[in-house]
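For reference, the structure discussed in these notes is given below.
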Amino acid sequence: MRHLPNLICLIRIGLIWPIIAALQRANMPAALGLFALAGFSDGLDGYLAKRFNWTSELGKVLDPLADKLLLITVFVELAWLGMIPWWLAAAVVARDVMIALGALVYRLWFGPLRGRPTIVSKINTALQLLYVMLITLNAAAGVPPREVLDAVAALTLASTVLSGLHYVVSFTRRAWTPARAA
């Protein structure tokens, strides 16, 4: 049971291809259902890991990797299909690439990067998940109206930029603090 959160992360990664296939076939109810399942799995694996102390070093890498793979792939596909603006997909991809590169540089130059996702990052992930669900719901059922989608897109962009800047400041502060002490 201890490895259940990691298994759920792997299932989330495994759901990416069926979600993309459903989007490409314009099967929006299936895409929405699969994406909602993937979003639910994100919360479930985190809950199980924390509630039962089933955390692992693999899980600390696998969970954010699963999130990034899912969201980047779906945002790029939705932009490719013309369902969301390219500028929003580009912001989502740029943020995640910047975080990954920042973490890699920090790891190589300063050592292990310890930390947990911040509240800003969690809000950003929630807004990105919500936006994709609303876009696919709109394509499947015609709701919510375009004004709501535009408002959530703006909120998603704002949280994406804010979260990216927060990570830059956080990585810089962590790197700078030991250098000043030395």
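Each residue of the sequence shown is one higher than the last, beginning at -5 in my numbering. Glycine included, every Cβ here is placed at the ideal spot set by N, Cα and C. Note that the structure is a prediction, hence the values are computed from the model and not measured.
| message | Among the candidates A169, L95 and H160, whose CA atom is the shortest distance from the CA of F104? | response | A169
| Secondary structure at N21, three-state DSSP: helix, strand or coil? | coil
| Do you know offhand how far G136's Cα is from P106's? | 47 Å
| request: Return yes when the Cβ of L151 is within less than 8 Å of the Cβ of A85, no when it is not. | output: yes
| message | Taking 8 Å as the threshold (C-beta atoms), are I2 and D195 in contact? | response | What the structure shows of the chain is the stretch from -5 to 176, and residue 195 is not part of that stretch, so it cannot be assessed.
| Three-state secondary structure assigned by DSSP to L75 | coil
| According to DSSP, is H(-3) helix, strand or coil? | coil
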